[in-house]
Amino acid sequence: MSNNHTSSSEPKKKKRRRSRGRTFWIIFQIVFVLGLMGAAVAGGIVTGYVAALVKDEPVRSKEELENKIFTNYLTGFAYYNDGSLIGQLRAEEGDRRLVKKADVSPYLINAIIATEDKTYYHHSGVSLQSTMRGAIQEITNQPVVTGGSTITQQLVKNTILSAEVSHTRKAREIFTAIRIERMFSKDQILEAYMNEIYFGKNANGSNVYGVQAAAKGIFGKDVKELGLAEGSYLAGMIQNPGAYSPFRAESYQRGKERQKMVLDRMLENGYITQTQYDGALASDLKAQLAKPTQQAYREVPFLMMEIEDRAARQLVDADLLEKGRDKSTIGRNEYRQLVEEKRRDILRKGYKIHTTIDKSVYDIMQAVAADPKNFGKNRTYTIRRSNGKTEKIENALEEVGAMLIHNKTGAILGMIGGRDFKVEQTNHATVPRQPGSAMKPLAAYAPAFELGLLQPASPIDDAPVLLADGQNGSHLPKNWNNKWQGMMSAREALRMSWNIPAIKTYLKVGIPTALEYVKKMGITTLVDADNYAATGVIGGLTYGTTVEEITNAYGTFANHGSFVDAYLIDRIEDNTGKVIYRHETSPVQVYSEQTAYLITDMMRSVVNNGTGTHIRKYVPRKVDVAGKTGTTNNSNDLYFVGYTPELSMGVWVGFDEPYPMPDADKYVPMVVWGKVMKDVIAKHPNLSPPDSTFKKPAGIVSATVDSKSGLLPSELSKEAGHLITDIFNSKFVPTKVDDSHQKARVITYNGERYLAKEGTPEDFVTEGVFYRSPDPLPTKEQIQAKNSRVATQPPDWEQRLPDKEDPRTESGGAPSSPSGVTATGSGKQITLTWQSAKEADLVGYRIYRADVQNGFVKVATVKDPSELTFADTTAHHGDLGYYVTSVDIAGNESQPSAIASVGSTQTWQLPDPNQGTETGIPNPMDNNGNGQTDPDGTVTNPADGSGGTNTNTDSASPPAAPKSLSIKNTPNGWQLKWKGSSSSEQMYNVYFSPDSASGYLLLGTVSSTNFTHAAEVPNGSNYYITAVNSYGESPHSNIVTANTTE
């Protein structure tokens, strides 16, 4: 029975178990379905949420993503002309240098992956594990010990998205990272990341981006050369560069702790062995840190700023040319915007800018600028602004700007922007200032020579001239010495920088024509208003010129008349090494070779024997130099521009706020020029060989012309001694004979000169050869109305032919005697004064003198009736008596005046008019008075042969030859001395010949009995002297020879 019982209960138990299993499965299915339903709902919610977060994020193309992550701000560099580094260009962020993954140390790559994203090569842009861990840490407020972003996400964050912290940005980061992983390889992404990472500050304190810049700036080596210790330290800095900087003790210690963590992970992931771990951890990295280096913007700031600006402009100009756009049609604002865009490219795109700057030359120039002994003292002064307000300028620095250019190529080899960039950031070599007289060769003489209007020997009248003035009606320009010099050659006018001849030449050429030539020589600062200013040729331009442009213009003369525009940027390469700009030289022939040589030869005179001689203190005479000084009338600006056959250099000196420079500093531009050029020639003879000379082209000849008309000499020219010999362009040697000279009899009346009437007594007449003034002179009244402190006539006015006859008419009968005669003084000079006779037809006065041994004899004639004084310098010691007579234009002479005595022991008696000439009584009809008057004005007493000198009557014949000419070699040149006549109206011509086969050249005309020829001359050169007066030129003196071997 029991078996039956057992058998019947088993099925029941199995049935119950099947029922429970079926129930569990049903529940599981229900839960699973509910779970799927919940997951679906949750997934939908999440999906909807994520979609909402990224709905505004654009779906970027591959090209756009590539530009974002692979085109970063790159550091650019500038180089000297030999390829050596000037420095790093400014970067808005800091130093960044691209590098390929293959050129990065594997230690650094492994350290970065082990630390930042150990599953980098196994995920698709996002690590779910890391993301969940980051999310849990955020939800639970746990400390963040590891980041949730992969390397790809970090790249997105650094290059594409903003730095905001939000779920929206995180979702967009994930979304973009996944797209990037689909489009680019792992190696490409890692390379972009390594070029983007910020590593804090380098040894100089500048920001560094990317592993290459970090390796250079922190450890001073290429990233490929980094070892494990250095690579692991850099990888540890990525999380917080400032906290782990190795350049501070505290942060370096934190950095070492961070390095240990990096090494731990590298060891854990099998990148290094324990031995490598131990060695890297023990390494003292402080000893391996980079040292601070010179920074270009601190060491050569003027140069670096100029490189930036010029490179940008060159790129804009090249783009415009490529697009066929005329630069002149581009508006100023548009051009400025284009330049700014190119400047940003230069600072961001890793360009390499190769310049023309020679480092050694540049250093020489900076050394001269840095030496305070080369400049005047700082000054404090007050200026008045255009609004009428005054402003005190304190401790102003005497500034300088300079530019040195290679003539043939136009390459700028060196420059001085200023003395101290920290005081003033203006580049004084490239900002306009008034050039003063440095404009004269450019705007006056060179155009005049080219047009055949002048040659070096051509005469120009340095005499008063009134210029039209829109505000005041007229203007009277003046020279720097406030005097007129009279007729002179163009060479002499430029040699001593006289203003009036330059202005007259400027007007003769025509201002618009002259300025067209100036523009062709690269001057870009001229404006329409300059076409109406006659003083522009002496520096009165609207905006002035820059040192660079005027130096470049002078180089035209050194370059045989060909203008070659100066340039600083030789070529520009992009970050791949492709040349995107290269300078091309385009010479422009502005002047003939002959004109260029004539101007150069005239500016040799400026340097060797004119206003520019101060440079010879530094540059020896064997170095062939031409140049010109430039000083504005108020001395606010001082220039010197000079050149050798190979190099041109200009120097400006002045204050930033214009103010007159002290006289003591007038040589400063020449000091700077001389010291720089001296060192450049000494250290770089290949740049400017010291024995190089300006080559005379064909078509240059020597000729003698009349010095007052510039035409071929006439017989009267020779008689007057008005001859000059100089070099000419053979095209413009004159063929017409001078006709400006004339023999005439001239008198002086009230300070004016007239042609004498036929009956005027001979002793009141100056008879000789005179020349006609080329231009009428303003009246005395006109001159004095403009400037009462200058002379109303040029100093050579007595050599000029009057254009009017004596206006006086004969009144009839003898004039009345002078009254109030007094005699004062003793010894070497007795001064007579008197009051004029009342007649209007007076021609002058005769002076008579007597001493204790002799009766009264005529000693002088006063030729102008307005002169009421006479100085007797021929009187002997002892008692003397004087009387004065009046003489009219018909020769009638008055009775003697009262006697004026000197001394007290003698009583003088007037001569008896009835005794005639035998008793020393003046005969009104005898112009010679008592005794015989020799042609030179000496009156001889018949009784004893004694006499006096008529100091106002010249000999009517040429003077005797000078005597005892001697020569001496001095530091200043060849010094000539001779003996000559004591005549005050006598001048001396100095002649020179370089050898026995050549003719003689007139070097100059002087009034003294010495002359220094400040030039290097060949051994065996000859000199002689002649004397000249209004009647002609004497025979020559003895000939002397320059012997350089003595």
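Residue numbers for the sequence shown follow the numbering used here, beginning at 7 and rising by one. Each residue gets a CB set at the ideal place from its N, CA and C atoms; glycine is no exception. Note that the structure is predicted; figures quoted are calculated from it, not measured.
Count Cβ pairs between the segment 483-502 and the segment 462-471 that sit closer than 8 Å; are there 3 or more?
The segment 483-502 makes contact with the segment 462-471, as at least three CB pairs between them are under 8 Å.
Could you pull out every residue in the same chain whose Cβ sits closer than 6 Å to the Cβ of V677, ignoring the five residues on either side in sequence?
Once the five neighbours on either side are set aside, the close Cβ partners of V677 are N380.
Tell me whether V515 sits in a helix, a strand or coil according to DSSP, three-state version.
helix
Length-filtered (4 minimum) alpha helix (DSSP H) runs lying within the segment 439-496
452-456
Would you call the CB atoms of H728 and K714 closer than 8 Å?
yes
Measuring straight from C-alpha to C-alpha, what distance separates F38 and L134?
A caution first: F38 carries a pLDDT of 49, below 50, which makes its placement in the model too unreliable to give a value.
Would you report the Cα separation of S251 and M267, rounded to the nearest angstrom?
16 Å
Under the three-state DSSP convention, the category T432 falls into:
coil
Run the CB neighbour count on E314, radius 10 Å, all protein chains shown included, and call it buried at 16 or more, exposed below.
Flag for E314 reads buried.
Cα-Cα separation between T699 and L693, rounded to whole angstroms:
13 Å
Which of the three DSSP states is assigned to N947 in this structure?
With a pLDDT of only 33 at N947, under 50, the local geometry of the prediction cannot be trusted, and no value is derived from it.
Among E456, I706 and R622, which one has its Cα closest to the Cα of A1078?
Outside the modelled stretch of the chain, which goes from 7 to 1052, sits residue 1078, for which no answer is possible.
Is V631 closer than 8 Å to G648 when the C-beta atoms are compared?
yes
Spatial neighbours of N1049 within its chain, please: CB distance less than 7 Å, with the 5 preceding and 5 following residues excluded, ordered by chain position.
N1025
Could you round the C-beta distance between H1042 and A966 to whole angstroms and report it? I think they count as a contact, below 8 Å.
Going by Cβ atoms, the distance from H1042 to A966 rounds to 11 Å, so no, they are not a contact pair.
Taking just the CA atoms, how far does I836 sit from L848?
In a straight line, the C-alpha of L848 is about 24 Å away from that of I836.
Note down, in chain order, each residue of its chain lying with its Cβ closer than 7 Å to the Cβ of H129, except the 5 sequence neighbours on either side.
T156
Roughly how many whole angstroms lie between the Cα atoms of A1033 and Q992?
7 Å
In angstroms, rounded to a whole number, what distance separates the CA positions of Y1037 and E773?
9 Å
CA-CA distance, A220 and L240?
8 Å
On the DSSP letters alone, give me the boundaries of the beta strand (DSSP E) that D712 sits inside.
Residues I706 to D712.
Out of K684, G616 and E72, point me to the one whose CA is closest to S191's CA.
E72
Just reading off the alpha helix (DSSP H) that R855 is part of, what are its end residues?
That residue, R855, is in no alpha helix (DSSP H); its beta strand (DSSP E) goes L848 to D857.
So the candidates are W914, V827, V214 and S872; which of them puts its Cα closest to the Cα of Q859?
Residue W914 is the option with its Cα nearest to Q859.
Helix, strand or coil at Q595 according to DSSP, with G and I counted as helix:
strand
What did DSSP end up calling I1031 once you bin it into helix, strand or coil?
Strand, per DSSP.
Neighbour-count burial assignment, E1039, 16 or more Cβ in a 10 Å radius:
buried
Quick check: the Cα distance between Q160 and Y199, rounded to an integer number of angstroms?
8 Å
Quick check: K207 and N213, are their CB atoms within less than 8 Å of each other?
Contact: yes.
What's the C-alpha gap between P782 and A463?
21 Å
For L448, which residues in the same chain have their Cβ closer than 7 Å to its Cβ, ignoring the five residues on either side in sequence?
Same-chain partners within the cutoff: V524, M527 and A559.
Do N898 and G819 have their beta-carbon atoms positioned less than 8 Å apart in this structure?
yes
For G248, tell me which candidate among Q343, G237, A235 and R264 has the shortest Cα-Cα distance.
R264
Coil, strand or helix - T785 by DSSP:
If DSSP states are grouped into helix, strand and coil, T785 belongs with coil.
At the level of alpha carbons, what is the spacing between N1044 and T710?
22 Å
What is the residue span of the beta strand (DSSP E) that I730 lies within?
L729 to N735
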